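Take a look at the structure set out below.
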Amino acid sequence: MIKRQLQDRIEQLLFRGKAIMLIGPRQVGKSTLMQQVTEGMSQKKLMLNCDSPDVQSLLTDPTDANLRRLVADNAVIVIDEAQQVPGIGLTLKRIVDQFRQMQLLVTGSSAFDLQDKLNEPLTGRKYEMHLYPLSTKEILDDKGLAQTRDTLEQRLIFGSYPYIVQNPETAESDLQEIANSYLYKDLLKLDDIRRPVLLDKLLKALAFQIGNIVSYNELAQLIGTDSRTVEKYIDLLEKCYVVFRLHGLSRNPRNELKKAKKIYFYDTGIRNAIIRQFAPLGMRQDEGPLWENFAIAERIKQNEYGQRNCLQYFWRTKAQQEIDLVEERNGQLTPTEFKWNPAKANVKLPKAFQDAYQPDHFNVVTPENYLDWLGL
175 MIKRQLQDRI
185 EQLLFRGKAI
195 MLIGPRQVGK
205 STLMQQVTEG
215 MSQKKLMLNC
225 DSPDVQSLLT
235 DPTDANLRRL
245 VADNAVIVID
255 EAQQVPGIGL
265 TLKRIVDQFR
275 QMQLLVTGSS
285 AFDLQDKLNE
295 PLTGRKYEMH
305 LYPLSTKEIL
315 DDKGLAQTRD
325 TLEQRLIFGS
335 YPYIVQNPET
345 AESDLQEIAN
355 SYLYKDLLKL
365 DDIRRPVLLD
375 KLLKALAFQI
385 GNIVSYNELA
395 QLIGTDSRTV
405 EKYIDLLEKC
415 YVVFRLHGLS
425 RNPRNELKKA
435 KKIYFYDTGI
445 RNAIIRQFAP
455 LGMRQDEGPL
465 WENFAIAERI
475 KQNEYGQRNC
485 LQYFWRTKAQ
495 QEIDLVEERN
505 GQLTPTEFKW
515 NPAKANVKLP
525 KAFQDAYQPD
535 HFNVVTPENY
545 LDWLGL
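Numbering-wise, the working numbering comes out as the position in the sequence shown, counting from 1, plus 174.
Okay, here's the thing in structure tokens:
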């Protein structure tokens, strides 16, 4: 098994009187990570999978007596797919409050569902972390530099879900299975999602527009709905870890686009599965946007896992000057451009950005230097 970056952090936080929450999309390895954390423990453990109706019944508003019987003499309890249980937040709060010496480990696949139900009940009682598809660092640590370099194109095309990385010979069919059967499993249960066909059309439209500024009004006209529905669906897709948004940096409203936004996919393999495009990079026209999407998603993982708090934007002016990514940390702005072809890496920072923000650094990230940029 590939060791995940979060494992050490989780182990450092064990037995501090708080629940440890691990949230992320299905199939990224949340259950496996919890198994890796607990397998070396000598203490007695209880594993509960909330996909089971019996487990759901046990955890739905249990009496104090039944809660004591459930916990019994276990030192560690793992509750997997907790979002399946109605009112799970209050049940977890009772467990944490009543069994202070016991460690509660919880996974959930739907941020919109879990977080809405957990934030208030578990205030001050949890450590919350997010797990994504495999990061470049995790692959580098497990496979080594040569294989990490050799499989870069493979990861741009098929993404970084653990099973996909470990089974490249069946990547296309397995990725389609993840995209079709798991990705929207929780999302489609929502009452708000009444038109799954519309969701499918929206995802295809977003997949074709990675790297471009998107307009909710234009998307609405394209798929046959209204802009409010588009915005609602995109918000849910973001909370479900399918896509993420970058907003335009706008501190000079006369020159910079104020309400512009770009939408990327957390995993480029999922993006390609949605449009059923798995051709090699040399046979396609979207290698530039794919590289941009991949690199920004990898940066998000490293920022999250390294607990580097920063804000991320893109920058574009009304005169069409643009920077792919601008990170703000401690008041300092750092602009970054992405070029798949290293021969095109000789680009200059737009003078308008230099004059307005005076950054200390300007990065141009290519396949030759992206490991350095990620801090690896």
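Glycine included, C-beta positions come from ideal geometry on N, C-alpha and C. What you are looking at is a predicted structure, and each value in this text was computed from that prediction instead of being measured.
Linking GLU392 to LEU349 through their CA atoms gives a straight-line distance of about 29 Å. Closest by C-alpha distance to SER355, out of THR237, GLN181, GLN201, LEU548, is GLN201. When C-beta atoms of the stretch 332-341 are compared with those of the stretch 304-318, three or more pairs fall below 8 Å, so the two segments count as touching. Straight-line measurement puts the Cα of GLU511 at about 7 Å from the Cα of LEU499. Under the DSSP definition of a beta bridge, THR212 lacks any partner. The beta carbon of MET221 sits closer than 6 Å to the beta carbons of VAL252 from its chain, once the five residues preceding and following it are set aside; these are given in chain order.
In its chain, beyond the 5 residues on either side, SER309, LYS311, GLU312, TYR479 have a beta carbon closer than 7 Å to the beta carbon of GLN179. For GLU185 and MET215, the gap between their C-alpha atoms comes out near 11 Å. Between LEU376 and VAL404, the C-beta spacing is below 9 Å. Counting only residues of its own chain and dropping the five nearest sequence neighbours on each side, GLY505 has no CB closer than 8 Å to any other CB. Annotation: the continuous alpha helix (DSSP H) that includes ASN477 extends over 461-479.
Counting along the chain, ARG490 sits inside the beta strand (DSSP E) bounded by residues 485-490.
Only exposed fits ARG503, as fewer than 16 other CB atoms lie within 10 angstroms of its CB.
Contact between the stretch 443-450 and the stretch 514-524 is absent: fewer than three C-beta pairs spanning the two stretches fall below 8 Å. Its chain contains LEU278 as the residues whose beta carbon lies nearer than 6 Å to that of ILE269, once the 5 sequence neighbours on both sides are disregarded; these appear in chain order. If you draw a straight line from the Cα of TYR407 to the Cα of LEU373, it is about 7 Å long.
The beta carbon of GLY191 is closer than 6 Å to those of ARG274 in its chain, skipping five residues each way along the sequence. Apart from the 5 residues on each side of it in sequence, VAL539 sits with its Cβ closer than 8 Å to the Cβ of ALA469, THR510, GLU511, PHE512, LYS513, TRP547 in its chain, given in chain order. In its chain, beyond the 5 residues on either side, LYS204, THR281, MET303, LEU305 have a beta carbon closer than 6 Å to the beta carbon of LEU196. Residue LYS525 holds the alpha-carbon nearest to the alpha-carbon of GLN494 among LYS300, LYS378, LYS525, GLN328. Each of ILE437, LYS378, PRO342 was checked against the Cα of LEU396, and the nearest Cα belongs to LYS378. Per DSSP, the beta-bridge partners of ARG503 are GLN506.
Secondary structure at GLN272: helix, using DSSP grouped into helix, strand and coil. The three-state secondary structure of ARG419, taken from DSSP, is strand.
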